[in-house]
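K.L.:
This is the structure I want to talk about, given as structure tokens.
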Amino acid sequence: MKIDLTGRRALVTGAGHGIGAAIAVALARAGADVAVHHGHSAGPAAEVASTIEALGRKTIVRQADLTQTTEATNLLNDVTTFLGGLDILICNAGGMVGRSPVAEMTDEHYTQLIDLNLGSTFRTTRAAIPHLRAAGAQGRLITMSSLAAHNGGGAGSAVYAAAKAGVRGLTKGLAKELANTGTTVNAVAPGFIGGTTFHNTFTTPTTQQTIINAVPLGRAGTPNDVAGTVTWLASDAAAYITGATIDIDGGAWYR
0 MKIDLTGRRA LVTGAGHGIG AAIAVALARA GADVAVHHGH SAGPAAEVAS TIEALGRKTI
60 VRQADLTQTT EATNLLNDVT TFLGGLDILI CNAGGMVGRS PVAEMTDEHY TQLIDLNLGS
120 TFRTTRAAIP HLRAAGAQGR LITMSSLAAH NGGGAGSAVY AAAKAGVRGL TKGLAKELAN
180 TGTTVNAVAP GFIGGTTFHN TFTTPTTQQT IINAVPLGRA GTPNDVAGTV TWLASDAAAY
240 ITGATIDIDG GAWYR
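No gaps in the numbering here: position 96 of the sequence shown is 95 in numbering that gives the first Met the number 0, and each next residue is one more.
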């Protein structure tokens, strides 16, 4: 079945590269107008926007620190003014910051991890809720959890895993809060997605290969693997799914 998002208005946070960029382009290919948010990736975000424009869709690029309430609110104001509303919000912004065992972790590192992953999702969603409610049965909120939320993550990523588990819990609670409007709220939980800044920065090549060797499907995931699932969740085909977390990990969690 072909996914048709013609006329839908979307915002993807953390869309300058990797998974977020793939999601933004996939939504545009399906017919949506897509706002591109980035934190510190102005050049790559502009390239994503150019691809969206080449597909004949409206787009806007905005930078914001989503750990700050004012910036998250201003982002939603700018985007909804430009697009004329909001039907789809993809909360993809987040990151590892750095690996650290809990015994050695500073309060500053802990706070940064929680704010960047759980806090950014909370602040962005809070600002978007009035617009998603207005979208009614077309409203879609999709958050980014992780395989780490299931298994605690790799070495030095316990608090990152906790933040992503928090995203999953927040998603379930939001699904209940927004159900009476018809808006659905779901999470995706990627496993090892190769070729991303995340793993190129924080996972050694040897460790990457070890992880891939343990994946039942025998390969790393790609950003497009995640984008395909997200686009489906954003469509009418997933209108009766809410409060769910979809694992995109090649079977790693069930191994």
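Here a beta-carbon is modelled for each residue, glycine too, at the ideal position from N, C-alpha and C. Model, not experiment: these values are computed from the prediction.
Below 8 Å on the Cβ atoms is my guess for residue 187 versus residue 144; work out the distance and round it to an integer in Å.
P.N.:
Within the sequence shown, numbered from 1, the residue matching residue 187 stands at position 188. Within the sequence shown, numbered from 1, the residue matching residue 144 stands at position 145. Going by Cβ atoms, the distance from residue 187 to residue 144 rounds to 7 Å, so yes, they are a contact pair.
K.L.:
Go to residue 108, then tell me how far its alpha helix (DSSP H) extends in each direction, as first and last residue.
P.N.:
Stepping through the sequence shown from its first residue, residue 108 is reached at position 109. Element bounds for residue 108: 106 to 113.
K.L.:
Below 8 Å between beta carbons: does that hold for residue 141 and residue 243?
P.N.:
Residue mapping note: residue 141 aligns to position 142 of the sequence shown, counting from 1. Residue mapping note: residue 243 aligns to position 244 of the sequence shown, counting from 1. Going by C-beta atoms, residue 141 is not nearer than 8 Å to residue 243.
K.L.:
Once you ignore the five residues that flank residue 29 on each side, which residues in its own chain have a CB closer than 6 Å to its CB?
P.N.:
Here residue 29 refers to the residue found at position 30 of the sequence shown. If we look at residue 29 and ignore the five residues flanking it on each side, its Cβ neighbours are 2, 4, 230.
K.L.:
Leaving aside the five residues before and after residue 137 along the sequence, list all residues of the same chain whose C-beta is less than 6 Å from its C-beta, in chain order.
P.N.:
Here residue 137 refers to the residue found at position 138 when the sequence shown is read from its first residue. Closer than 6 Å at the Cβ level, and outside the excluded window around residue 137, lie 86.
K.L.:
For residue 61 versus residue 78, is the C-beta distance shorter than 8 Å?
P.N.:
Sequence index remark: in the sequence shown, residue 61 carries index 62 (1-based). Sequence index remark: in the sequence shown, residue 78 carries index 79 (1-based). Yes, Cβ-Cβ distance for residue 61 and residue 78 is below 8 Å.
K.L.:
Is residue 182 helix, strand or coil when you go by DSSP?
P.N.:
Position 183 of the sequence shown, counting from 1, holds the residue named residue 182. It is coil, neither helix nor strand.
K.L.:
Across which residues does DSSP place residue 61 in a beta bridge pair?
P.N.:
Taking the first residue of the sequence shown as 1, we reach residue 61 at position 62. In the DSSP output, where bridge partners are listed per residue, residue 61 has 36.
K.L.:
Using only CA atoms, which one of 99, 69, 196 lies nearest to residue 159?
P.N.:
Here residue 159 refers to the residue found at position 160 when the sequence shown is read from its first residue. The residue with the shortest Cα to Cα distance from residue 159 is 99.
K.L.:
When you compare the region 162 to 175 with the region 109 to 128, are there three or more beta-carbon pairs, one atom per stretch, that lie closer than 8 Å?
P.N.:
Short answer: they touch.
K.L.:
Assuming residue 135 contacts residue 181 (C-beta within less than 8 Å), just tell me the rounded distance between them.
P.N.:
Position 136 of the sequence shown, counted from the start, is the residue given in the question as residue 135. Position 182 of the sequence shown, counted from the start, is the residue given in the question as residue 181. Sure, about 5 Å apart at Cβ, within 8 Å.
K.L.:
Along the beta strand (DSSP E) that carries residue 9, what are the first and last residues, could you check?
P.N.:
Looking up residue 9 in the sequence shown gives position 10. 8 to 11 is the extent of the beta strand (DSSP E) around residue 9.
K.L.:
Would you mind working out which of 40, 49, 235, 212 sits nearest residue 24, comparing C-alpha positions?
P.N.:
Taking the sequence shown and counting its residues from 1, the one referred to as residue 24 is at position 25. Comparing Cα-Cα distances from residue 24 to each of 40, 49, 235, 212, the minimum goes to 49.
K.L.:
Under 7 Å Cβ to Cβ from residue 211, same chain only, skipping five residues before and after it: list those, please.
P.N.:
As a first step, residue 211 must be located in the sequence shown, where it is residue number 212. The residues are 191, 218, 219.
K.L.:
Apart from the five residues just before and just after residue 96, which ones in its own chain have a Cβ nearer than 6 Å to its Cβ?
P.N.:
Start at 1 with the first residue of the sequence shown, and residue 96 comes out as number 97. Closer than 6 Å at the Cβ level, and outside the excluded window around residue 96, lie 111, 112.
K.L.:
Kindly indicate which three-state DSSP category residue 254 falls into: helix, strand or coil?
P.N.:
Position 255 of the sequence shown, counting from 1, holds the residue named residue 254. Here the model assigns residue 254 a pLDDT of 46, short of 50, so the residue's position is not dependable, and the following value carries that caveat. Here residue 254 sits in coil by DSSP.
K.L.:
Tell me which residue opens and which closes the beta strand (DSSP E) that residue 88 is part of.
P.N.:
As a position in the sequence shown, residue 88 is number 89, starting the count at 1. Element bounds for residue 88: 87 to 90.
K.L.:
From the DSSP output, in three-state form, read off residue 132 for me.
P.N.:
The residue labelled residue 132 in the question sits at position 133 within the sequence shown. Reduced to three states, the DSSP call for residue 132 is helix.
K.L.:
Run through DSSP, which three-state label would residue 140 get?
P.N.:
In the sequence shown, residue 140 corresponds to position 141, counting from 1. The answer is strand: DSSP assigns residue 140 an E or B state.
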